[in-house]
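Working notes, structure below.
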Amino acid sequence: GQQVMQIPQYQHVQEGEDFTTYCNSSTTLSNIQWYKQRPGGHPVFLIQLVKSGEVKKQKRLTFQFGEAKKNSSLHITATQTTDVGTYFCAGPKDSNYQLIWGAGTKLIIKP
Amino acid sequence: GAGVSQSPSNKVTEKGKDVELRCDPISGHTALYWYRQRLGQGLEFLIYFQGNSAPDKSGLPSDRFSAERTGESVSTLTIQRTQQEDSAVYLCASSLVLAGANTGELFFGEGSRLTVL
Chain A
1 GQQVMQIPQY QHVQEGEDFT TYCNSSTTLS NIQWYKQRPG GHPVFLIQLV
51 KSGEVKKQKR LTFQFGEAKK NSSLHITATQ TTDVGTYFCA GPKDSNYQLI
101 WGAGTKLIIK P
Chain B
1001 GAGVSQSPSN KVTEKGKDVE LRCDPISGHT ALYWYRQRLG QGLEFLIYFQ
1051 GNSAPDKSGL PSDRFSAERT GESVSTLTIQ RTQQEDSAVY LCASSLVLAG
1101 ANTGELFFGE GSRLTVL
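Line by line, the protein sequences give chains A and B. For the first sequence, the working numbering gives the first residue as 1, with consecutive numbering after it. For the second sequence, the working numbering gives the first residue as 1001, with consecutive numbering after it.
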């Protein structure tokens, strides 16, 4: 069935280092969404990408949607402690538009 | 209300008891999802309601789990004969479904934390 795969599962970084998470779909997506879940919280929407090759920036966060609309990435420049959490990607299922979720990438800041 | 409301926020129950979790979505949102999230894990899809279409129940882990939604309003998730493995946070989310398969962003509730002793 349709799948969305996300890697890595965890990434440990020193504060100030960069962080990247990658998302790959088994099928072409009409759009892809990214969410952040802080420890103890619920997922919160960050952004939606719709166009092939689209790049969007939110301050230190850069989101990309691949040309084939099957992959996406989130890059955080110069991580801060406020970036800690799990980042999820999600894309709509072909048949009924419900979202299919990646497993998430947990960003951990090394003490 | 302004956001997705879930109740109870915490529920502790004994193994074998039934529990009912409630979700009140954002008014006008036609799509409603239930997810289960075990500690430190990702989102496990349970069920999806979209308007008047038949719900997608493909994620329900066993026949002990059921969910209902009346129209585009409140949904309840019922777990019968709870087991310790059911302990998790149950998250509800709602969204608009836009034209052209452009699924709107999901708005999540705070979740219902279920502990089965």
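Cβ coordinates follow ideal geometry from the N, Cα and C atoms, glycine included. Source: prediction; values computed, not measured.
Here the region 1019-1026 of chain B makes no contact with the region 28-43 of chain A; the two share fewer than three CB pairs at distances below 8 Å.
Assignment of T1070 of chain B by DSSP, reduced to helix, strand and coil, places it in the coil class. Counting only the Cα atoms, S1075 of chain B lies some 11 Å from Y1048 of chain B. For L1117 of chain B, no Cβ of chain A is located within less than 8 Å of the residue's own Cβ. Under the three-state reduction of DSSP, T1076 of chain B is assigned to strand. Chain-ordered, the chain A residues with CB closer than 9 Å to the CB of D1056 of chain B read K93, S95, N96 and Q98. Using a Cβ-Cβ cut-off of 8 Å, P43 of chain A counts as an interface residue toward chain B, since at least one Cβ of chain B sits closer than that to its own. Around the beta carbon of K57 of chain A, a 10 Å sphere encloses fewer than 16 other beta carbons of the protein chains shown; the residue is thus reported as exposed. Note that the C-beta distance between N31 of chain A and V55 of chain A is not below 8 Å. The beta-carbon separation of P1025 of chain B and S1094 of chain B, rounded to 3 Å, stays under the 8 Å limit for a contact. Counting only Cβ-Cβ distances below 7 Å, E1110 of chain B has contacts in chain A at H42, in chain order. Contact annotation: F1065 of chain B and L1046 of chain B have beta-carbon atoms nearer than 8 Å. Distance from the CA atom of Q1041 of chain B to the CA atom of G53 of chain A, rounded to whole angstroms, is 30 Å. Interface annotation, Q2 of chain A: not in contact with chain B, CB-CB separation never under 8 Å. Contact annotation: T105 of chain A and Y87 of chain A have beta-carbon atoms nearer than 8 Å.
Rounded to the nearest angstrom, the gap between the Cα atoms of G1109 of chain B and A1067 of chain B is 17 Å. Considering only B:N1010, B:H1029 and B:A1002, the residue with the shortest C-alpha distance to S1073 of chain B is B:H1029. D83 of chain A sits in a helix when the DSSP states are folded into three classes. Under the DSSP assignment, N1052 of chain B falls outside any beta strand (DSSP E); it carries neither an H nor an E label. At least one beta carbon of chain A lies nearer than 8 Å to the beta carbon of T1103 of chain B. Burial state of R1081 of chain B is exposed, judged by a 10 Å Cβ sphere holding fewer than 16 other Cβ atoms.
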